[in-house]
Amino acid sequence: MTVLLDIRRIYVEPAAAALPRGQEVLARFPDAQRVEVDSHHRIPELYGDETNVARWVRIKQGALVLGVKKSLTARPNGRSADFIAPSAANGCAMACAYCYVPRHKGYSNPITVFANIDKIGGYLRRHAGRQGPKPEPNECDRHLWVYDIGENSDCSLDARVSDNVRDLVELFRDLPNAKASFATKHVNRDLLGWDPQGHTRIRFSLMPAADAKLLDIRTTPVAERIAAIDDFVAAGYEVHVNFSPVVVRDGWLADWAELLDQLDAGLGPAAKAQLAAEVIFLTHNRDLHEVNLGWHPKAEELLWRPDLQQGKRSENGFWNVRYRTGAKGGYVAALRDLIAEHTPYCHIRYAF
Numbered sequence: 001m002t003v004l005l006d007i008r009r010i011y012v013e014p015a016a017a018a019l020p021r022g023q024e025v026l027a028r029f030p031d032a033q034r035v036e037v038d039s040h041h042r043i044p045e046l047y048g049d050e051t052n053v054a055r056w057v058r059i060k061q062g063a064l065v066l067g068v069k070k071s072l073t074a075r076p077n078g079r080s081a082d083f084i085a086p087s088a089a090n091g092c093a094m095a096c097a098y099c100y101v102p103r104h105k106g107y108s109n110p111i112t113v114f115a116n117i118d119k120i121g122g123y124l125r126r127h128a129g130r131q132g133p134k135p136e137p138n139e140c141d142r143h144l145w146v147y148d149i150g151e152n153s154d155c156s157l158d159a160r161v162s163d164n165v166r167d168l169v170e171l172f173r174d175l176p177n178a179k180a181s182f183a184t185k186h187v188n189r190d191l192l193g194w195d196p197q198g199h200t201r202i203r204f205s206l207m208p209a210a211d212a213k214l215l216d217i218r219t220t221p222v223a224e225r226i227a228a229i230d231d232f233v234a235a236g237y238e239v240h241v242n243f244s245p246v247v248v249r250d251g252w253l254a255d256w257a258e259l260l261d262q263l264d265a266g267l268g269p270a271a272k273a274q275l276a277a278e279v280i281f282l283t284h285n286r287d288l289h290e291v292n293l294g295w296h297p298k299a300e301e302l303l304w305r306p307d308l309q310q311g312k313r314s315e316n317g318f319w320n321v322r323y324r325t326g327a328k329g330g331y332v333a334a335l336r337d338l339i340a341e342h343t344p345y346c347h348i349r350y351a352f
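Numbering (the numbering used here), first residue to last: 1 to 352.
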C-alpha cells in the first residue's frame, strides 16, 4: 500500500504555530522536525528549485507547511460552484501528472494547512449570509449557493492532516442557503461520520483505469472510488462525479464505455437518482510538461500531444495547451453520447 504521508519536516509560520489549529497539527506529528519560515509560500527549498524534480514524490510525502491564510475572498465562479471559497489548505500529497497547482508554486507542492480556520469559517458564514436565498436555479445547484472549498487541494486527504475540512462541513450543515463542494481522488471513510445533511457535495473524479494507472499517481484506485459512492450518499452527502481530465488517445472511447459500465454496475438506486457529472477535457501546461519530463516522462506521451493540441496564453501568463478547436467539439459530443447510452440517469452539468 502506498504511504501517502510520512511527515518528517514541518515548515511553520510562527503566527500559525500560535493558533489552536496550528498547535493541533503540530501535535499530530510530534517527531517531525520544525523549520520556522517567514512565509508559507516563500520556502526556497520547496518552491522554485528545479533540483526538486528528482524529489517530487518524496517532498509530497514527507513535508508539511503550516501557515496563515491572509487574503480571504470568495471569488465568483458560476460553473462548478457559485463561489470559490478561501482555501483552508493548498497543495497535495498525491502526484497527478496533470495537476495545475505546481504551475503556481513551482515544482513540488506538499500540503499547506492554514491554521486560521476560525477566520476562514467566519468569513464564509458572513458571505453566505449576505447572499440571502438563492433567487433561481442554475447549473451549480437548484436551491443552494455552492462554495468550492477545495480548489487547490484534495479535501479528503487534507482531513488526514487537520480538522479544517470537518469544521467546514459542519459549518455548511448549519447554513440554510449554502452547501460546500469539493472534488477528490482519495477515499477517506472518516468523512462518513460527519453528518453533512445534504449540505456538502463530494465529486469523485473518475477516468479509465489505464489512464489512472499512468496519470493519477498516489491516488485511490478508480474502482474503490466508485465503490465508495453509495456509502457517501447513505451518509448524507450529495455525490457527483467528475469525468476529468478526459485524455484523447487511441481507444479512448472504448475505455470510457467500460468505465461507464463499471460506474453503472457499482451504484444503487439512491446514488443514481441524484447523480450528476462535470466533464472536463485535458488542459496541459508547457512548464509542467518540462517538469514532468524530469520525474515522470511516460505520462507526457499522453499529456503532451502537439499533433492534437493548440496553445493559448492564460490570464496568468502561462502557456497552456488544449485539444484543437473543432476537433474538441467532436470529442465532447462523442463522450456525451456515450454517457447518455451507458448512464442515462447521469445529468451532465457541463462539459468542455
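C-beta atoms are modelled at their ideal positions from N, C-alpha and C, and glycine is treated no differently.
Note that the structure is predicted; figures quoted are calculated from it, not measured.
Alpha helix (DSSP H) segments (min. 4 residues) lying fully within the segment 156–209:
Runs found: 164–173.
Going by Cα to Cα distance, which pick from Leu64, Arg166, Arg75 and Asp82 is closest to Met94?
Met94 has its Cα closest to that of Leu64, out of Leu64, Arg166, Arg75 and Asp82.
Report all residues from its chain with a CB closer than 7 Å to the CB of Asn77; omit the five preceding and five following residues, and keep chain order.
The residues Phe83, Ile84 and Asp148, in chain order, have a CB closer than 7 Å to that of Asn77 in the same chain once the five nearest residues on each side in sequence are set aside.
Other residues of its chain near Lys134: CB distance less than 7 Å, five sequence neighbours each side excluded
Here the set comprises His143, Leu144, Trp145 and Asn177.
On a Cα-Cα basis, can you pick out the residue from Leu214, Gly251, Ala17 and Gly91 that is closest to Lys298?
For Lys298, the nearest C-alpha among the options comes from Leu214.
From Gly266 to Lys70, what distance separates their C-alpha atoms?
Distance between Gly266 and Lys70, taken at the CA atoms: about 42 Å.
Coarse secondary structure for His240, derived from DSSP in three states:
Strand.
Go ahead and pull the three-state DSSP assignment for Asp6.
Secondary structure at Asp6: coil, using DSSP grouped into helix, strand and coil.
Got a sec? Which residues, its chain only, sit under 8 Å from Ala210 by beta carbon, not counting five neighbours each side?
Counting only Cβ-Cβ distances below 8 Å, and skipping sequence neighbours, we find Asp255.
What are the uninterrupted segments assigned as beta strand (DSSP E) that are 3 or more residues long and contained completely in the segment 222–280, given in chain order?
Runs of beta strand (DSSP E) with 3 or more residues, each lying fully within the segment 222–280, are found at 238–246, listed in chain order.
How many angstroms separate the CA atom of Tyr11 from the CA atom of Asn285?
Straight-line measurement puts the Cα of Asn285 at about 28 Å from the Cα of Tyr11.
Can you confirm whether the segment 155–170 touches the segment 185–198 when touching is taken to mean that 3 or more C-beta pairs between the two stretches lie within less than 8 Å?
Yes: the two stretches touch, three or more of their Cβ pairs being nearer than 8 Å.
On the three-pair Cβ rule with 8 Å, is the segment 270–283 touching the segment 244–254?
Yes, since at least three Cβ pairs between the segment 270–283 and the segment 244–254 fall closer than 8 Å, the two stretches touch.
Spatial neighbours of Phe172 within its chain, please: CB distance less than 7 Å, with the 5 preceding and 5 following residues excluded, ordered by chain position.
So the qualifying residues of the chain are Ala178, Lys179, Ala180, His199 and Thr200.
Do His240 and Ala271 count as a contact pair if the criterion is CB distance below 8 Å?
Cβ atoms of Ala271 and His240: not closer than 8 Å.
Evaluate Val165 with the Cβ neighbour count: other Cβ atoms within 10 Å of its Cβ, from every protein chain shown; 16 or more gives buried, anything less gives exposed.
With 16 or more other Cβ atoms from the protein chains shown falling within 10 Å of its own Cβ, Val165 counts as buried.
If you draw a straight line from the alpha carbon of Ala327 to that of Ser108, how long is it in whole angstroms?
Their Cα atoms are separated by approximately 33 Å.
Who are Asp148's beta bridge partners in DSSP?
Paired residues: Ile84 and Ser181.
Presumed contact (8 Å Cβ cut-off) between Tyr123 and Leu72, rounded CB distance:
Beta-carbon to beta-carbon, Tyr123 and Leu72 are separated by about 4 Å, close enough to satisfy the 8 Å threshold.
If you reduce the DSSP assignment to three classes, tell me which class His289 lands in.
In the structure shown, His289 adopts helical secondary structure according to DSSP, grouped into three states.
Does Trp304 come out as helix, strand or coil in the three-state DSSP assignment?
Looking at Trp304 - three-state DSSP - the assignment turns out to be coil, as it is neither helix nor strand.
Measuring alpha carbon to alpha carbon, tell me which of Leu26, Leu5 and Phe114 ends up nearest His41.
Of Leu26, Leu5 and Phe114, the residue nearest in Cα terms is Phe114.
Suppose contacts are defined by Cβ-Cβ distances below 8 Å. Is Cys92 in contact with Asp216 by that definition?
In this structure, Asp216 does not lie closer than 8 Å to Cys92 by Cβ.
Rank Leu19, Val332 and Ala340 by C-alpha distance to the C-alpha of Ser162 and give the top, closest one.
Nearest C-alpha to Ser162: Leu19.
Whose C-alpha, out of Tyr350, Pro306, Asn242 and Arg9, is nearest the C-alpha of Thr112?
Thr112 has its Cα closest to that of Arg9, out of Tyr350, Pro306, Asn242 and Arg9.
Hey, would you say Asn52 sits closer than 8 Å to Ile59, going by beta carbons?
Cβ atoms of Asn52 and Ile59: closer than 8 Å.
Determine whether the beta carbon atoms of Arg203 and Asn152 lie at a separation below 8 Å.
No. Outside cutoff.
Would you mind working out which of Phe29, Phe232 and Ser205 sits nearest Asp195, comparing C-alpha positions?
Among Phe29, Phe232 and Ser205, the Cα nearest to that of Asp195 belongs to Phe232.
Closest by CA to Gln197, which one among Ala212, Asp264, Ala227 and Ala235?
Closest option to Gln197, Cα to Cα, is Ala235.
Should Leu259 and Pro208 be called a contact, given that it needs their Cβ atoms to be closer than 8 Å?
Contact flag set, yes.
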